[in-house]
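Notes to accompany the following structure.
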């Protein structure tokens, strides 16, 4: 079951939810047809629950939100970007464990 702590990000709400966020934001760029994206989805939910209140976790469907994916040069998925103060401050590509993602995000909290 998807976590209520994961924000569905779109081309329309990305500037408000990510770029103007006061807390660090982990953004998962994914697509429905992507096998590794399906594998990491429950981990993203767990990370969102773990960092709730300290950071924001969101997901961008690259097929439905091409402008954001293009703006950040997303070439392979899953790509995970950490934003802080409206800037990309960290990046991970491919499947990652919950511990790896929490550690990645904790560097910026």
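In our numbering, the protein residues as written are 93 to 201. By construction, the Cβ of each residue, glycine as well, lies at the ideal position given by its N, Cα and C atoms. As the structure is a prediction and not an experimental result, all values here were calculated from the model.
Notebook entry, point to check: Does DSSP put residue 191 in a helix, a strand or coil?
Noted result: helix
Check: Based on the DSSP output, what are the partners of residue 120 in its beta bridges?
Finding: 151, 172, per the DSSP bridge assignment.
Notebook entry, point to check: Relative to the C-alpha of residue 103, which residue among 170, 186, 160, 187 is closest?
Noted result: Of the listed residues, the one whose Cα sits closest to residue 103 is 160.
Note to self: Checking the sheet assignment: what are the DSSP bridge partners for residue 179?
What the structure shows: 176
Notebook entry, point to check: With a CB to CB cut of under 6 Å and the five nearest residues on each side skipped, what residues in its chain are close to residue 140?
Noted result: 95, 97, 98, 149
Notebook entry, point to check: Is any heavy atom in the ligand FMN found nearer than 8 Å to the beta carbon of residue 137?
Noted result: Among the components of this structure there are no ligands whatsoever, and the ligand FMN is therefore not found.
Item checked: Distance, residue 144 Cα to residue 138 Cα -> Approximately 10 Å, taken between the alpha carbons.
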